[in-house]
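For reference, the structure is listed below as structure tokens.
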Amino acid sequence: MMMKPRFMPWAAAILIAALAQTALADGTLATVKERGFLQCGVNTGLPGFSNADEKGSWTGLDVDLCRAVAAAVLGGADKVRFTPLTAKERLTAVQSGEVDLLARNTTWTMTRDTSLGVHFAGINYYDGQGFLVSKDLGVKSARELDGAAVCILAGTTTELNLADYFRTHGMTYEPVVFDTADQTARGFESERCDVLTSDQSQLYAQRLKLAAPDKAVVLPEIISKEPLGPVVRQGDDRWLNIVRWTLFALIEAEELGVTSGNVDAMRESRNPAIRRLLGLEGIKGSGLGLDEGWAYRAIEEVGNYGEIFARNVGEASPLKIERGLNRLWTDGGLHYAPPIR
Amino acid sequence: MNGPPPRRGAGRWTGWGDPRLRAVAFQALFLAAVLALAGYVLHNTLANLEARGIATGFGFLSETAGFGIIQSLIDYSETSSFGRTFLVGLLNTLLVSALGILLATLLGFLIGVGRLSGNWLIARLADAYIEIFRNIPLLLQVFFWYFAVLRALPRPRESLSLGEAVFLNLRGLYLPRPLFEPGFELVVAALGVAVVAAGLLGVWGRRRRARTGRGLPTGWIGLALLIGLPTIAFLLAGAPLGWERPALAGFNFRGGITLIPELMALLLALSIYTAAFIAEIVRAGILSVAKGQTEAAAALGLRHGQILRLVVIPQALRVIIPPLTSQYLNLLKNSSLATAIGYPDLVNVFAGTTLNQTGQAVEVIAMTMAVYLTISLAISFAMNWYNARIALTER
């Protein structure tokens with residue numbers, strides 16, 4: 001009984017459908033405007049960064065960046081549709097044009113920026129990899145983790161940093177790799193592994209999700225640099241600039257003391273930096289292909305970076321993460337926006 | 001073939017009126033179209049990748065992988081290359097598939113025969129087994145074994161143990177590892193001799209029975225040889241075998257052989273699920289042998305076991321083998337569910353982590369698909385060969 005390859009033409013037809021999509025036109029801005037909403041890739045569920053509530057409305061630091069871009073481009077922070085993506089899917093979704101913007105706690109690395117057909121538009125959260133362990137283990141430092149089983153999320157830089165860290169310190173470990181953050185948390189909770197490793201911001205979020213958050217503790221060590229930022233497709237410089245400068249505008253607004261509450265009053269300000277930010281003088285967004293109110297709308301509808309941080313992950317949120325590296329440069333942090341002029 | 005008779009006159013050009021010529025022309029046209037389509041797809045893919053600034057080619061395979069893998073049959077460390085991760089994943093897929101096929105076949109035959117048993121309880125139990133495991137989605141069964149059963153095991157410090165040598169906990173099953181000391185070659189050599197001797201004995205016994213009609217329990221003698229000779233050699237050489245026992249050190253057991261729970265869960269789910277299908281195939285095969293065959297064999301004075309072994313099973317196998325092949329192929333492909341519970345198979349390691357770290361989606365997925373296709377075709381080929389060998393030879 002020989003199977004004849006009778007299904008060959010059908011397979012070919014399906015392939016065509018999958019691959020024959022012609023090179024996407026470069027005008028993401030025009031596409032988004034015509035479509036009327038921004039398609040934004042976010043995390044499938046990470047409290048503080050992008051998380052959907054029971055009504056399906058999204059909140060988070062990354063989600064707010066999407067909203068700010070939508071406000072700047074389309075004049076409405078609600079003109080966004082969110083695509084939840086796993087760590088493995090996220091960059092492909094940008095490459096294929098499925099999303100206009102990826103704001104999904106994604107670490108900026110050279111490989112991703114230079115060889116995957118995507119560009120990072122900036123950094124909206126300075127993170128670092130840490131470890132979450134059960135208090136029962138009595139471990140005080142990551143250096144005592146030799147031989148531990150480690151739960152980890154597939155397709156992340158975390159996987160590589162973990163290997164680097166243990167190798168550098170001559171320690172062994174057993175990697176238990178899962179596809180979603182929930183699965184890794186479940187693996188940790190059921191004690192399949194001794195340690196859960198991830199970006200520290202996520203560890204705080206995942207600790208809150210545990211049945212008994214008090215029984216787990218985040219170790220002090222940070223073993224890597226994890227600059228998280230928005231990602232856009234390579235080859236559309238205008239769109240890259242729009243996302244980059246929207247983020248800068250939010251940071252600049254915090255530095256200048258412009259908030260969602262006082263932005264209208266600030267229009268009367270005589271400080272030229274504020275007047276330039278709000279499009280009252282200077283370049284006014286024409287270089288971005290937007291009108292003069294782009295930054296004003298983003299700040300008015302979403303708030304400045306400080307407000308976004310406080311609301312989602314900072315003191316006004318259940319996570320209560322310290323600003324730390326994410327302070328403005330004027331306060332000893334790393335956020336520094338180039339001048340808007 | 002009894003198609004329409006050729007209407008073609010000798011050497012006369014009849015053009016499109018000739019159905020055979022027409023058929024060939026259409027086939028050639030179609031083939032050309034398919035090839036053109038394939039070429040277009042390839043060209044377009046490359047052009048698109050180029051246009052979007054995505055690196056292409058297989059150069060990434062020699063770069064350092066830099067991530068750990070929990071289970072590897074070959075030497076692997078973080079400094080190995082991405083090409084090596086491909087091999088590790090491939091071997092892990094083959095391991096779980098081969099073990100799964102073996103277990104599913106054994107279990108399937110047992111259950112299949114059990115379902116036909118005259119014993120009411122055994123037959124009903126086999127019935128229940130088949131109906132339960134055949135009708136629950138495999139992914140759920142994988143989750144069941146992994147999240148419900150294996151997670152209920154005790155923690156490393158409270159492990160279940162068997163003679164302080166075998167330990168079972170929620171991190172896995174820990175077995176002692178044999179350590180071969182000098183002199184063990186003698187045992188291996190003795191085993192080799194025993195295998196050859198048993199084989200020769202079997203051939204001689206069969207010839208003798210054909211010549212004289214008298215049977216000899218060659219099976220039992222062969223078994224005695226296979227066990228006896230190596231045992232004698234083992235004792236003579238001074239028991240050259242040690243054991244490395246797993247021991248609790250730090251967080252986990254170290255030393256010995258570890259069966260990770262991901263492997264156990266996947267293996268259990270795959271073999272139990274597939275065994276249900278194999279059982280039905282076996283039952284169908286046995287029922288396909290006419291009752292008269294069994295009665296005739298009984299009339300000749302064969303015992304129950306002999307009837308099964310010499311008359312029923314050889315004929316049943318002809319019906320069993322083709323659908324059994326499909327089940328083997330299914331099991332192999334289903335093993336990619338590994339990725340749901342983190343077993344480091346090809347899809348998880350290579351089409352998962354490696355794809356992500358390199359971003360070479362087209363190359364990685366193409367390689368992965370090629371692997372499944374190759375293994376499936378190989379199984380299919382082997383089973384077809386076996387099927388042809390046991391098929392009814394019509395004279």
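Line by line, the protein sequences are chains F and L. No gaps in the numbering here: position 156 of the first sequence is 156 in this note's numbering, and each next residue is one more. No gaps in the numbering here: position 186 of the second sequence is 186 in this note's numbering, and each next residue is one more. Idealized CB from N, CA, C, for every residue including glycine.
Buried or exposed: residue 25 of chain F, going by 16 or more other Cβ atoms within 10 Å of its Cβ?
Confidence at residue 25 of chain F is low in this model, with a pLDDT of 48, below 50, so the placement of that residue should be treated as unreliable; the coordinate-derived value is given next. When all chains shown are included, residue 25 of chain F counts as exposed.
Check whether the segment 146-158 of chain L touches the segment 251-262 of chain L, taking contact to mean three or more Cβ pairs, one atom from each stretch, closer than 8 Å.
yes
Does residue 136 of chain L come within less than 8 Å of chain F when only Cβ atoms are used?
no
Shorter than 8 Å from the beta carbon of residue 383 of chain L to some beta carbon of chain F?
Not one chain F Cβ lies under 8 Å of residue 383 of chain L.
Residues in the segment 233-252 of chain L with C-beta within 8 Å of chain F's C-beta atoms, listed in sequence order?
249, 250, 251 and 252
Beta carbon proximity, residue 9 of chain F to chain L, threshold 8 Å:
Bear in mind that the predicted position of residue 9 of chain F carries a pLDDT of just 41, short of 50, making it unreliable; the figure below should be weighed with that in mind. Interface residue, yes.
For residue 40 of chain F, which residues does DSSP report across the bridge?
The partner list for residue 40 of chain F (beta bridge, DSSP) reads F/82 and F/101.
Sorted by chain position, which residues of the same chain lie with C-beta nearer than 7 Å to residue 297 of chain F's C-beta, five sequence neighbours on each side aside?
71, 72 and 75
Distance CB(residue 208 of chain F)-CB(residue 84 of chain F) smaller than 8 Å:
no
With 8 Å as the C-beta to C-beta threshold (strictly closer), list the residues of the segment 40-73 of chain L near chain F in chain order.
40, 41, 44, 45, 47, 48, 49, 51, 52, 53, 54, 55, 66, 67, 68, 69 and 70
Which of the three DSSP states, helix, strand or coil, is assigned to residue 151 of chain F?
strand
Residue 50 of chain L, buried or exposed, once every other Cβ within 10 Å from all chains shown has been counted against 16:
Label assigned to residue 50 of chain L: exposed.
Just tell me which of L/321, L/290 and L/325 has its CA closest to the CA of residue 312 of chain L.
L/290
Members of the segment 79-94 of chain F near chain L, C-beta cut-off 8 Å
87, 88, 91 and 92
For residue 226 of chain L, which residues from the same chain have a beta carbon less than 8 Å from its beta carbon, with the 5 sequence-adjacent residues on both sides left out?
Within the same chain, and ignoring the five residues on either side of residue 226 of chain L in sequence, the residues whose Cβ sits closer than 8 Å to its Cβ are 191, 194, 195 and 198.
Going by beta carbon distance, what residues of the same chain come within less than 6 Å of residue 20 of chain L, once the five residues before and after it are set aside?
none
Rounded Cβ spacing between residue 142 of chain F and residue 219 of chain F (contact assumed at less than 8 Å)
5 Å
Under a CB-based cut-off of 8 Å, is residue 104 of chain F close to chain L?
no
Once the 5 residues before and after residue 328 of chain L are set aside, which same chain residues still bring their CB inside 6 Å of it?
101 and 379
Under the three-state DSSP convention, the category residue 329 of chain L falls into
helix
Taking the straight line between their C-alpha atoms, what separation do you get for residue 343 of chain F and residue 250 of chain L?
Here chain F has residues from 1 to 341 only, and residue 343 of chain F is not among them.
Using a Cβ-Cβ distance under 8 Å, would residue 115 of chain L count as near chain F?
Not flagged as an interface residue toward chain F: residue 115 of chain L, since no C-beta distance is shorter than 8 Å.
What does residue 330 of chain L touch in chain F if you count any residue whose Cβ is under 7 Å from its own?
Against chain F, the beta carbon of residue 330 of chain L has no neighbour under 7 Å; the closest one sits roughly 15 Å away.
Closest to residue 224 of chain F by CA distance: which of F/239, F/38, F/164 and F/254 is it?
F/164
First through last residue of the alpha helix (DSSP H) which encompasses residue 43 of chain L
Residues 19-51.
So, do the segment 56-70 of chain L and the segment 349-366 of chain L have three or more beta carbon pairs nearer to each other than 8 Å?
yes
Residue 154 of chain L vs residue 162 of chain L beta-carbon contact at 8 Å
no
In chain order, which continuous runs of the alpha helix (DSSP H) of length 4 or greater are located wholly inside the segment 159-222 of chain F?
181-189 and 200-209
Using alpha carbons as the reference points, say which of F/257, F/249, F/198 and F/139 lies closest to residue 65 of chain F.
F/249
Identify the contact partners of residue 179 of chain F in chain L, using a Cβ-Cβ distance below 9 Å as the criterion.
In chain order: 339, 340, 342, 348 and 352.
Residue 332 of chain L versus residue 314 of chain L: straight-line alpha-carbon distance, rounded
26 Å
First and last residue of the alpha helix (DSSP H) that includes residue 255 of chain F?
237-256
With a threshold of 16 other CB atoms inside 10 Å of the CB of residue 23 of chain F, please say whether the residue is buried or exposed.
Reliability fails at residue 23 of chain F, whose pLDDT of 37 lies under 50, so the model's placement of it is uncertain and the value that follows must be treated cautiously. Flag for residue 23 of chain F reads exposed.
Indicate whether at least one CB of chain A lies closer than 8 Å to the CB of residue 192 of chain F.
Absent from the structure: chain A. Protein chains present are F and L.
Within the chosen definition, does the segment 232-246 of chain L reach the segment 69-83 of chain L through at least 3 CB pairs nearer than 8 Å?
no
Confirm, please, whether the CB-CB distance from residue 381 of chain L to residue 89 of chain L is below 8 Å.
No, Cβ-Cβ distance for residue 89 of chain L and residue 381 of chain L is not below 8 Å.
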